[in-house]
Structures are given as C-alpha cells and as structure tokens.
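Undergrad: One structure, pasted below without further comment.
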Amino acid sequence: MSDDLLDPYFEPYVDDEGLFSYLHRFFSRHNSLNTWEHCQKVAQEAKRLANVYHADPVIAEQAGWLHDIGTIVPNEEKIHICDQMNINILEEEREFPYILHQKLSRDMTTKVFGLTEPLLLNAIECHTTLRADIGLMDKVLFVADKLSWDNADAAPYIKEMRSKAVDSLEDAIMVYMDHVWRNREHMKVVHPWLIEAREVLIQRKG
Ligand SMILES: [Fe+2]
Ligand SMILES: [Fe+2]
Numbered sequence: 004m005s006d007d008l009l010d011p012y013f014e015p016y017v018d019d020e021g022l023f024s025y026l027h028r029f030f031s032r033h034n035s036l037n038t039w040e041h042c043q044k045v046a047q048e049a050k051r052l053a054n055v056y057h058a059d060p061v062i063a064e065q066a067g068w069l070h071d072i073g074t075i076v077p078n079e080e081k082i083h084i085c086d087q088m089n090i091n092i093l094e095e096e097r098e099f100p101y102i103l104h105q106k107l108s109r110d111m112t113t114k115v116f117g118l119t120e121p122l123l124l125n126a127i128e129c130h131t132t133l134r135a136d137i138g139l140m141d142k143v144l145f146v147a148d149k150l151s152w153d154n155a156d157a158a159p160y161i162k163e164m165r166s167k168a169v170d171s172l173e174d175a176i177m178v179y180m181d182h183v184w185r186n187r188e189h190m191k192v193v194h195p196w197l198i199e200a201r202e203v204l205i206q207r208k209g
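Residue numbers (the numbering used here): 4 to 209.
Encoded structure:
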C-alpha cells in the first residue's frame, strides 16, 4: 500500500499521547463521537467479561476502543481502501461493504498504532461475524459489542444475550446467531464467517 493512504483519516500516533486520548481526538475530528461512546462502552463491557472468563482484560479493553476505527472510511470508499491495503474482499463484503470495517480496523490497528498482539487483532477482525476458529478474546469482544448497542428496541435479543452471558459466552453468542438465522431472508447478506461460526457452535453444543 502507498504510505500516505491512511493520511486523510489518521494523524500520526505517538505512544506518549496514549491510545484513549488519541482515539477521543480521532473520533471527534471525524464527527463520530457517538461511535467513540459506543467503543468506550464496548471496552468497559469487554474488560468486565474478560475478568469473568479469565481473558486478558487489558487486551479486551484495547479491542473495545479500537474495534470500530474502520467505520471512519465511508462505505463507498471501503472497497478501494481495502484493495490498496491488500485486504481480501469476499463477495458478500462487496455487496455490503460496511462489514469490511472489521478487517479495516484490524489492519489500521497495526499500521497506525503499531500493535501486533494476535489476540487483539483477531478479535477486532471478526467482531461482527466471528468465524470458524473462535478464540476466547473473539467471544469476549463479540458479546461486548452486541451488548453495547444503544437501540434496545432494535435488538430485543440483547436482554436474553445479557442473561446468558452470565454463565456462558457461547450461549450468549447463540442467541445472536439464532436471531440472524431467523431473519436471514430479510438481511442484505449473511457473512460466510458467521455461517461457519454458527455451525461450529452448534456442533459443540450437540
Ligand atoms: Fe463494528
Ligand atoms: Fe461496535
């Protein structure tokens, strides 16, 4: 990728500033403080779940802060930017480029902030869809993200997810997966990673 590809979106990051302060400024500059509020809620929830389920709470919190930085790229530019960053684009993502924000967020985390921790990067990369190979941190971020959506009316399953998450992250995830499955005819696309993740979780249950 050309070095200046991300320049319109990101100012240079210096470690001294700290991630939290940089991201506050970043989302503010892009008029996306509502997204930043969401990210802070996800970070808080992810940290809490990490403590309950014995995952690393520091990584979980960072994942929450960073998981949606890719939403800053407008949907109509996501495909172009992904191409330039050599990010593989699936057919379903071409149809519904918004989903590409999870892959963009992952690569931006490395390129802009120099973070390379695989648990962090993997969780960010599949936070919307999960995938067949699901790690503990992936589950933590996925559940935290869904539990932190604002509009409770649009997501009646959130309550059920929250109660399941007390005992089992996978049971909480299945509440969401079942919801998607019931509504799949009405959705623009169902991401193949989500289909694979759902199959893996069903097999584990059976
Ligand atoms: Fe997201
Ligand atoms: Fe999110």
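C-beta: ideal position from N, C-alpha, C; glycine also. Since we're looking at a predicted model, the values are computed, not measured.
Verify whether the separation of the beta carbon atoms of residue 192 and residue 102 is less than 9 Å.
TA: As a working mapping, residue 192 is identified with position 189 in the sequence shown. As a working mapping, residue 102 is identified with position 99 in the sequence shown. Closer than 9 Å, so yes.
Undergrad: Looking only at its own chain, which residues have a Cβ that is under 7 Å from the Cβ of residue 175, when we skip the five neighbours before and after it?
TA: Residue 175 sits at position 172 when you count from the first residue of the sequence shown. The residues are 146, 164, 167, 168.
Undergrad: Which residues neighbour ligand 3 when neighbourhood means a C-beta less than 5 Å away from any of its non-hydrogen atoms? List them by chain order.
TA: Absence of ligand 3 is noted for the structure shown, with ligand 1 and ligand 2 being the only ligands found.
Undergrad: If you follow the alpha helix (DSSP H) that residue 212 is part of, which residue opens it and which one closes it?
TA: Only positions 4 to 209 of the chain appear in this structure, which leaves residue 212 out of reach.
Undergrad: Cβ atoms of residue 59 and residue 140: under 9 Å apart, would you say?
TA: As a first step, residue 140 is located in the sequence shown; it is residue number 137 there, counting from the start. As a first step, residue 59 is located in the sequence shown; it is residue number 56 there, counting from the start. Yes, they are a contact pair.
Undergrad: Apart from the five residues on each side of it in sequence, which residues of its chain come closer than 7 Å, Cβ to Cβ, to residue 179?
TA: Here residue 179 refers to the residue found at position 176 when the sequence shown is read from its first residue. Contacts found: 149, 160, 164.
Undergrad: Could you check whether residue 194 and residue 128 sit closer than 9 Å to each other, using their CB atoms as the reference points?
TA: For this step, residue 128 is matched to residue 125 along the sequence shown. For this step, residue 194 is matched to residue 191 along the sequence shown. Result no, Cβ atoms of residue 128 and residue 194 do not sit closer than 9 Å.
Undergrad: Put residue 69 into one of helix, strand or coil per three-state DSSP.
TA: Sequence index remark: in the sequence shown, residue 69 carries index 66 (1-based). Three-state result, residue 69: helix.
Undergrad: Under three-state DSSP, which class holds residue 99?
TA: If you number the sequence shown from 1, residue 99 lands on position 96. Residue 99: coil per DSSP, three-state reduction.
Undergrad: Can you grab the Cα-Cα spacing for the pair residue 17 / residue 56, in whole Å?
TA: Position 14 of the sequence shown, counted from the start, is the residue given in the question as residue 17. Position 53 of the sequence shown, counted from the start, is the residue given in the question as residue 56. Rounded to the nearest angstrom, the two C-alpha atoms are 32 Å apart.
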